[in-house]
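Residue numbers (numbering that gives the first Met the number 0): 0 to 89. Here is the structure we will look at, set down as structure tokens.
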Amino acid sequence: MKLQCCPCCKGRAYFADMWVGDLRMWQVTCELCGLSTAYDDDRIFCRDRWNVREENNSLKMWVTGLGALSPFLAVGFFLLGNLVGAGIWK
Numbered sequence: 000m001k002l003q004c005c006p007c008c009k010g011r012a013y014f015a016d017m018w019v020g021d022l023r024m025w026q027v028t029c030e031l032c033g034l035s036t037a038y039d040d041d042r043i044f045c046r047d048r049w050n051v052r053e054e055n056n057s058l059k060m061w062v063t064g065l066g067a068l069s070p071f072l073a074v075g076f077f078l079l080g081n082l083v084g085a086g087i088w089k
């Protein structure tokens, strides 16, 4: 079963298991940062859940970055507009 690298640190992911009574529970965990999925009794479901997150990571990064940058851009353009306006009316 192929696991993609960690979406946070690009570390190697591996399967971890735990016995709960007679039921074997599975989890995918990153060996560098410790990011992991929830425990589930289906190993394939854990793999699919881990790999789906990686596909949307670049879009989420851009949305988060632009969301964090937009207030700084708004203030910067406001200050730049004030400077340009003050230079015109001198």
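C-beta: ideal position from N, C-alpha, C; glycine also.
Buried or exposed, going by whether 16 or more other CB atoms sit within 10 Å of the CB of ARG11? exposed
To the nearest angstrom, how far is it from the Cα of MET0 to the Cα of ARG46? When rounded, the distance between both Cα atoms is 8 Å.
First through last residue of the beta strand (DSSP E) which encompasses LEU22: 22-29
TRP18 classed as buried or exposed, judged by whether at least 16 other C-beta atoms fall within 10 angstroms: Exposed, by the Cβ-count rule.
Any idea what DSSP makes of MET60, helix, strand or coil? MET60: helix per DSSP, three-state reduction.
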